[in-house]
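**Q** Okay, handing you the structure first.
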Amino acid sequence: MKEKSLRPWLLLSPSLTAVFLLLVVPVCFVVVYSFWLRAPSGQDIPAFQLGNYAKFFADFFYPSIMLSTIRVAIETVFLCLVMGYIPAYFFYKTESKLKPFLMILVMLPFWISFIIRTLSWINILGDSGLINHVLMKMGFIHEPLAMLYNEGAVIMGLLQYLLPFMILNIYVSLDGIDKSLTEAAKSLGCTEWQAFKEITLPLSLPGVSAGCLLVFVLTCGTYLPPMILGGPGNEMIANLIFKRIIGTLDWPFGSAISTILMILLVIIVYTYNRYMGIGQIFKALSTD
Amino acid sequence: MKKIISGWTLIKIYTLLVYVWMFAPIIAVVILAFNPHQFGSFPMEGFSFKWFVKLSHNSSILAAFKNSLILGSLTAIFATAIGVPAAMAFIRYDFKGKDLINTLLIAPIMIPEVVLGVALLLFIRWLQQPKSFMLLLIGHVVLTLPYVLLIVQARLVGIRKEYEEAAMSLGASPFQTFREITFPLLAPAIFAGMLFSFTISFDDVTATLFWATAQNQTVPVKIFGMLRNSISPEINALGAVMIVLTVSTPLLAGFISRRFAKGKGK
Numbered sequence: 001m002k003e004k005s006l007r008p009w010l011l012l013s014p015s016l017t018a019v020f021l022l023l024v025v026p027v028c029f030v031v032v033y034s035f036w037l038r039a040p041s042g043q044d045i046p047a048f049q050l051g052n053y054a055k056f057f058a059d060f061f062y063p064s065i066m067l068s069t070i071r072v073a074i075e076t077v078f079l080c081l082v083m084g085y086i087p088a089y090f091f092y093k094t095e096s097k098l099k100p101f102l103m104i105l106v107m108l109p110f111w112i113s114f115i116i117r118t119l120s121w122i123n124i125l126g127d128s129g130l131i132n133h134v135l136m137k138m139g140f141i142h143e144p145l146a147m148l149y150n151e152g153a154v155i156m157g158l159l160q161y162l163l164p165f166m167i168l169n170i171y172v173s174l175d176g177i178d179k180s181l182t183e184a185a186k187s188l189g190c191t192e193w194q195a196f197k198e199i200t201l202p203l204s205l206p207g208v209s210a211g212c213l214l215v216f217v218l219t220c221g222t223y224l225p226p227m228i229l230g231g232p233g234n235e236m237i238a239n240l241i242f243k244r245i246i247g248t249l250d251w252p253f254g255s256a257i258s259t260i261l262m263i264l265l266v267i268i269v270y271t272y273n274r275y276m277g278i279g280q281i282f283k284a285l286s287t288d
Numbered sequence: 289m290k291k292i293i294s295g296w297t298l299i300k301i302y303t304l305l306v307y308v309w310m311f312a313p314i315i316a317v318v319i320l321a322f323n324p325h326q327f328g329s330f331p332m333e334g335f336s337f338k339w340f341v342k343l344s345h346n347s348s349i350l351a352a353f354k355n356s357l358i359l360g361s362l363t364a365i366f367a368t369a370i371g372v373p374a375a376m377a378f379i380r381y382d383f384k385g386k387d388l389i390n391t392l393l394i395a396p397i398m399i400p401e402v403v404l405g406v407a408l409l410l411f412i413r414w415l416q417q418p419k420s421f422m423l424l425l426i427g428h429v430v431l432t433l434p435y436v437l438l439i440v441q442a443r444l445v446g447i448r449k450e451y452e453e454a455a456m457s458l459g460a461s462p463f464q465t466f467r468e469i470t471f472p473l474l475a476p477a478i479f480a481g482m483l484f485s486f487t488i489s490f491d492d493v494t495a496t497l498f499w500a501t502a503q504n505q506t507v508p509v510k511i512f513g514m515l516r517n518s519i520s521p522e523i524n525a526l527g528a529v530m531i532v533l534t535v536s537t538p539l540l541a542g543f544i545s546r547r548f549a550k551g552k553g554k
């Protein structure tokens, strides 16, 4: 009997060891390191002091980047929702034979490198990109419009990356709704719109909120779109971390910013889990 | 009053527009890769394979490609080798702390990749180890493990426990049961998991930028380096190669497995 109760742990041990050693320990290490001192020699001194955090909150520069990260994340979540709900609803309702093909197309971007999807917007929004080229050819403008290197371009890149997550999350939720519910409502005199508003929409909210959380969390952690599509004023918190660690090799300060980012996300995920339950997200991620 | 356009038509048009928006930039990359013009932008001035030929003579890009292929393959092997047993444990056994451990193993999806990148790099530095291919490999295994787990678990739920129990009651050992019963049934999911982890590893750039060195570059890291001097037709050509490679792999795999399934049915 004893052997049997050991077996799952035996099967789990390689994964658990890997995740513990390569994830849990290093992440704890980041937190520890954030209290260390940076010596001019480059050798960091073990210490317990809040200097790195004080530096972050010393003036408005760093907190304002954090706030603009949150603002960009909220804008991205909102636009993902606006762009994603209707296609998800289309998948739920359609009886087209093309549905499996169209679903595969939505997932296709997952298979394309993030950096290529990001830089591809330069070909569309750049000075000699598709939009400017068409507009100038048609004679609407004579000078190219400056559409790159601003927050709009950054959000375009983020949307391109995150929209499939939103669509799939909403679709999984919609797909679980019993279609006879709306049939019943309509037979009782509801219009199509009323049936949607009173039944389908409320029942799809778990998927909507799971999608929003996922998009928000992933936006807060990306640095590629601001780096490639943004201008000097569009930095996000992840860009700061990258600059401090790779650029100036200020490990303690970089660790402190990483810790602040993690605390922000933990608060958001914890609050979400409290009210919605985190399981919904895994449901959508495992539909392949 | 008669409605001119129904709501359903509007939904269809809207969905179509979202598709156009999603794919226009990607299609533009592929089209521009064939533009002989030296700035890699519109208008098209003909059709040539010039940039692909130039790429094939660039030894540092070829080295990055080789590196990416080896790294992706090894990541796929290791991630499935440790992920499949863990998935078995979650679906086939009951034990204390199951939910907590499941969450822990899926956690890398929810932790920002920047933080993962910093954490592992910091840890390696503290151990006074240099950045190496090994660092990239272990990092990518941690990154892709959750996806393998989710895919294999989802499939395992659908395989009835009774088959395994029947084999066991006829005297098969747990390992024999796995080899003869569970593994053949699970093979498509294991294959899917491997493909997925290969592609994630092959495409990853956020965390990889922290771990890569000049000697150990992957293709996305190489592209990132090339981007510093604005977009060039060579980048578009490299992008087109990557797109064709990573998109055709799952499509081909799906096609092949369907062919096999059909062959068995006859």
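Going down the list, the protein sequences come from chains A and B. Under the working numbering, the residues of the first sequence are numbered 1 to 288, in order. Under the working numbering, the residues of the second sequence are numbered 289 to 554, in order. From the three backbone atoms N, C-alpha and C, an ideal C-beta is built for every residue, glycine too. These figures come from a predicted structure and were not determined experimentally.
#1: Apart from the five residues on each side of it in sequence, which residues of its chain come closer than 7 Å, Cβ to Cβ, to Phe216/A?
#2: Can you check whether the CB of Leu433/B is closer than 9 Å to the CB of Gly371/B?
#3: Let me check understanding here. Comparing Cα to Cα, which of Thr248/A, Val208/A, Thr222/A and Gly84/A lies closest to Ile70/A?
#4: Enumerate in chain order the residues of its own chain whose CB-to-CB distance from Thr487/B is below 8 Å, with the five nearest sequence positions on each side excluded.
#5: Once you ignore the five residues that flank Lys342/B on each side, which residues in its own chain have a CB closer than 8 Å to its CB?
#6: What three-state label does DSSP hand Ile116/A in the structure shown?
#7: Buried or exposed, going by whether 16 or more other CB atoms sit within 10 Å of the CB of Arg443/B?
#8: Tell me the start and end of each unbroken beta strand (DSSP E) in the region 69-155 of chain A that is at least 3 residues and wholly inside, in chain order.
#9: Is the distance from the Cβ of Pro26/A to the Cβ of Phe411/B below 9 Å?
#10: For the alpha helix (DSSP H) holding Thr303/B, just list the boundary residues, first then last.
#11: With a 10 Å radius around its C-beta and 16 neighbouring C-beta atoms as the bar for buried, classify Phe490/B as buried or exposed.
#12: Judging by CA-CA distance, which residue of Val507/B, Ala500/B, Leu515/B and Pro476/B is the nearest neighbour of Ile544/B?
#13: Output the boundary residues of the alpha helix (DSSP H) element that contains Glu192/A.
#14: Looking only at its chain, what residues have a beta carbon closer than 6 Å to the beta carbon of Gly160/A, apart from the 5 residues adjacent to it on each side?
#15: Counting beta carbon pairs with one atom in the region 123-142 of chain A and one in the region 170-178 of chain A, are three or more of them shorter than 8 Å?
#16: Quick test of the definition: if touching needs 3 or more C-beta pairs under 8 Å, does the region 298-318 of chain B touch the region 88-106 of chain A?
#17: Determine, for Lys93/A, whether the minimum Cβ-Cβ distance to residues of chain D falls below 9 Å.
#18: Provide the residue(s) that pair with Asp44/A in DSSP beta bridges, ordered along the chain.
#19: Arg38/A: buried (16+ other C-beta within 10 angstroms of its C-beta) or exposed?
#20: Of all the options Leu431/B, Val317/B, Ile358/B and Leu437/B, which has the alpha carbon lying nearest to the alpha carbon of Phe479/B?
#21: Thr506/B and Ala407/B look like a contact to me (Cβ under 8 Å); what is the Cβ gap, rounded to whole Å?
#22: Secondary structure at Pro521/B, three-state DSSP: helix, strand or coil?
#23: Mapping DSSP to helix, strand and coil, what is Pro14/A?
#24: Report yes if the C-beta distance between Gly446/B and Thr368/B is below 9 Å; otherwise report no.
#25: Can you name the residues of chain A whose CB is closer than 7 Å to the CB of Leu320/B?
#26: Excluding five sequence neighbours on each side, which residues of the same chain lie with their C-beta closer than 6 Å to the C-beta of Met289/B?
#27: Taking the straight line between their C-alpha atoms, what separation do you get for Thr465/B and Ile237/A?
#28: Mark Tyr270/A as exposed unless 16 or more other C-beta atoms lie within 10 angstroms of its C-beta, in which case mark it buried.
#29: Going by C-alpha to C-alpha distance, which of Met262/A, Gly157/A and Ser204/A sits closest to Lys179/A?
#30: Using a Cβ-Cβ distance under 9 Å, would Arg274/A count as near chain B?
#31: Using three-state DSSP, classify Ser485/B as helix, strand or coil.
#32: Using a Cβ-Cβ cutoff of less than 8 Å, which residues in the same chain neighbour Ala185/A once the five nearest sequence positions on both sides are dropped?
#33: Check whether the Cβ of Phe29/A lies closer than 9 Å to any Cβ atom in chain B.
#34: For Ile124/A, count neighbouring Cβ atoms within 10 angstroms of its own Cβ and tell me buried if that reaches 16, exposed if not.
#35: Given that a residue counts as buried once 16 or more other Cβ atoms are within 10 Å of its Cβ, and exposed if not, what is Gln416/B?
#36: Quick one: any contact between the region 457-472 of chain B and the region 383-402 of chain B, if contact means 3 or more CB pairs under 8 Å?
**A** With the structure as the only source:
#1: Excluding positions up to five away in sequence, the list reads Ala73, Val77 and Ile268.
#2: yes
#3: Thr222/A
#4: Taking C-beta separations shorter than 8 Å and ignoring five residues to either side along the sequence, the partners of Thr487/B in its chain run Gly360, Thr534, Thr537 and Pro538, following chain order.
#5: Glu522 and Ala525
#6: helix
#7: By the neighbour-count rule (16 or more Cβ atoms within 10 Å), Arg443/B is buried.
#8: none
#9: yes
#10: Gly295 to Leu320
#11: buried
#12: Pro476/B
#13: Glu192 to Ala195
#14: The sequence given here has Gln at residue 160/A, not Gly. Excluding positions up to five away in sequence, the list reads Arg117.
#15: The region 170-178 of chain A is not in contact with the region 123-142 of chain A.
#16: yes
#17: In summary, chain D is missing from the structure at hand, where the protein chains are A and B.
#18: Arg38/A
#19: By the neighbour-count rule (16 or more Cβ atoms within 10 Å), Arg38/A is buried.
#20: It is Leu437/B whose Cα lies nearest to the Cα of Phe479/B.
#21: Rounded, the Cβ-Cβ distance is 20 Å, inconsistent with contact.
#22: helix
#23: helix
#24: no
#25: Asn123
#26: Because the pLDDT of Met289/B is 44, which lies under 50, any placement of that residue in the model is unreliable, and the question is left without a value.
#27: 50 Å
#28: exposed
#29: Ser204/A
#30: no
#31: helix
#32: Gln194, Ala195, Glu198 and Ile199
#33: Judged by the 9 Å Cβ criterion, Phe29/A is in contact with chain B.
#34: buried
#35: exposed
#36: no
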